[in-house]
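Q: Sharing a structure, written as structure tokens. Questions coming.
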Amino acid sequence: MASSDKQWRIDFAKRLKGFRLQFQAYKPRGENSDHDHCAACWAKFAEFEGSDILHEGYATCDDYPRGARYEWVCQTCFDDLKDEMQWSTAAK
Ligand SMILES: [Zn+2]
Numbered sequence: 001m002a003s004s005d006k007q008w009r010i011d012f013a014k015r016l017k018g019f020r021l022q023f024q025a026y027k028p029r030g031e032n033s034d035h036d037h038c039a040a041c042w043a044k045f046a047e048f049e050g051s052d053i054l055h056e057g058y059a060t061c062d063d064y065p066r067g068a069r070y071e072w073v074c075q076t077c078f079d080d081l082k083d084e085m086q087w088s089t090a091a092k
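According to full-length UniProt numbering, the sequence shown is numbered sequentially starting from 1.
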């Protein structure tokens, strides 16, 4: 993506600014949902196979107010936005 596409992703993901994220295989967080979206670009995470389905990404940790694995960020957005968003990765 071009850098001019960054700002709208930063706006989408601004609630995650400064939080720790942990890279891991995607797992749905509840019974009512089988997928999630990247908090920044809306890419889809799921366990099932499909076009444009992501199977791993960066998830919030226990210190996120809404809980671990509540929010997900894809690899591309993490790499592109981590400086602006002050993201750090949590040790496993
Ligand atoms: Zn993304």
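Just so you know, even glycine gets a beta-carbon here, dropped at the ideal spot from N, CA and C.
Strictly by DSSP, which residues pair up with Glu56?
A: In the sequence shown, the residue the question calls residue 56 occupies position 56. DSSP lists Ala25 as partners of Glu56.
Q: Got a sec? Which residues, its chain only, sit under 6 Å from Ala13 by beta carbon, not counting five neighbours each side?
A: For the purposes of this step, residue 13 is identified with residue 13 of the sequence shown, where counting begins at 1. Once the five neighbours on either side are set aside, the close Cβ partners of Ala13 are Ala39 and Ala40.
Q: Please list, following the chain, all residues that have a C-beta closer than 5 Å to any non-hydrogen atom of ligand 1.
A: Cys38, Ala40, Cys41, Ala43, Cys74 and Cys77
Q: Glu31: buried (16+ other C-beta within 10 angstroms of its C-beta) or exposed?
A: Sequence index remark: in the sequence shown, residue 31 carries index 31 (1-based). Counting Cβ neighbours within 10 Å, Glu31 comes out exposed, since fewer than 16 surround it.
Q: Return the Cβ separation of Lys44 and His35 in integer angstroms, given the expectation that the two are a contact with Cβ distance under 8 Å.
A: Here residue 44 is taken as the residue at index 44 of the sequence shown, counted from 1. Here residue 35 is taken as the residue at index 35 of the sequence shown, counted from 1. Going by Cβ atoms, the distance from Lys44 to His35 rounds to 6 Å, so yes, they are a contact pair.
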